[in-house]
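Participant: Quick note, the sequence shown lines up with residues 72 to 146 if you use the numbering used here.
Every residue gets a Cβ at the ideal spot worked out from N, C-alpha and C, and that includes glycine.
On a predicted model such as this, the values are computed, not experimentally measured, just so you know.
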Amino acid sequence: MRDVQRTAVYPENIASEDEVESGVTNDIKIDFSAIPDHVREDLAAATFECVRSFLQQPGGREFLDARKAAKKAAK
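(1) Taking the straight line between their C-alpha atoms, what separation do you get for residue 113 and residue 142?
(2) Nearest-angstrom Cα distance between residue 145 and residue 135?
(3) Report the three-state DSSP secondary structure of residue 130 (helix, strand or coil).
(4) Report yes if the C-beta distance between residue 111 and residue 119 is below 8 Å; otherwise report no.
Printed below as a string of structure tokens:
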């Protein structure tokens, strides 16, 4: 069994009081240095495969393109 250090990040440490009360925040901060290399690599591979699978589904690419366009227009 590997000895893994776990680090918790609580919303009150990264969000304003109003955001914490509502339970919603747009900011997520991750300390990647606290994540072991093998875990980071597994997470990256799983994320890549998930996105690839999503884009291969009918309408997946169009959905993502529409979301990207909406975010760009909102700026």
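Facilitator: A quick look at the data gives this:
(1) Numbered from its first residue, the sequence shown carries residue 113 at position 42. Numbered from its first residue, the sequence shown carries residue 142 at position 71. Near 29 Å, if we compare the C-alpha coordinates of residue 142 and residue 113.
(2) As a position in the sequence shown, residue 145 is number 74, starting the count at 1. As a position in the sequence shown, residue 135 is number 64, starting the count at 1. In a straight line, the C-alpha of residue 145 is about 15 Å away from that of residue 135.
(3) Numbered from 1 along the sequence shown, position 59 holds the residue referred to as residue 130. Coil, per DSSP.
(4) Locating residue 111 in the sequence shown gives position 40, where the first residue counts as 1. Locating residue 119 in the sequence shown gives position 48, where the first residue counts as 1. Going by C-beta atoms, residue 111 is not nearer than 8 Å to residue 119.
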